[in-house]
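When you number the sequence shown by the numbering used here, it's gap-free, plus one each residue, and the end is 182. Each residue gets a CB set at the ideal place from its N, CA and C atoms; glycine is no exception.
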Amino acid sequence: MSENWAAAWSETPASAQLNPKVNLVSTLNGAEFTVFAPVDSAFAKIDAATIEKLKTDDALLTKILTYHVVPGQISPDKIVGDQKTVETGTVKVTGTKDALKVNDANVICGGVHTANATVYLIDSVLLPA
Numbered sequence: 054m055s056e057n058w059a060a061a062w063s064e065t066p067a068s069a070q071l072n073p074k075v076n077l078v079s080t081l082n083g084a085e086f087t088v089f090a091p092v093d094s095a096f097a098k099i100d101a102a103t104i105e106k107l108k109t110d111d112a113l114l115t116k117i118l119t120y121h122v123v124p125g126q127i128s129p130d131k132i133v134g135d136q137k138t139v140e141t142g143t144v145k146v147t148g149t150k151d152a153l154k155v156n157d158a159n160v161i162c163g164g165v166h167t168a169n170a171t172v173y174l175i176d177s178v179l180l181p182a
């Protein structure tokens, strides 16, 4: 994958349709990141009231999305441990490179490289404390 991950992620159906006013492309372009990207079905696990709130609360959605992003590209063999997010929180990555978890989310596919990121697809949306 050579495309820029921020542009690609902002165009995924779940994140783009949730609140089109929230766009991380300009915030996150120009540097390297590790991204824990929820698959579209992960958004179905969030209760309806929260989804409705995220449609209008730009700041909360931005906080949640940036909680999925860690500065620097981290490979699967080095990702385990506490990782500080762009949102300033910490996610805990556990397991082995072939069976990783991020907080309580399972990594479905990990270590995918784009032009400026290492992406891990996860089965749940991570919510900061």
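Query: By how many angstroms is the C-alpha of residue 77 removed from the C-alpha of residue 158?; Result: 22 Å
Query: Taking Cβ positions, are residue 179 and residue 163 nearer each other than 8 Å?; Result: no
Query: Kindly give me the distance between the Cβ atoms of residue 125 and residue 86, rounded to whole angstroms, as I take these residues to be in contact under 8 Å.; Result: 7 Å
Query: Using CA atoms only, rank isn't needed, just tell me which of 118, 109, 106, 165 is closest to residue 141.; Result: 118
Query: Three-state secondary structure (DSSP) at residue 116?; Result: helix
Query: Any idea which residues DSSP pairs residue 158 with across the strands?; Result: 155
Query: Quick one: residues in its chain with C-beta nearer than 6 Å to the C-beta of residue 133, no 5 flanking neighbours on either side, listed in chain order?; Result: 146
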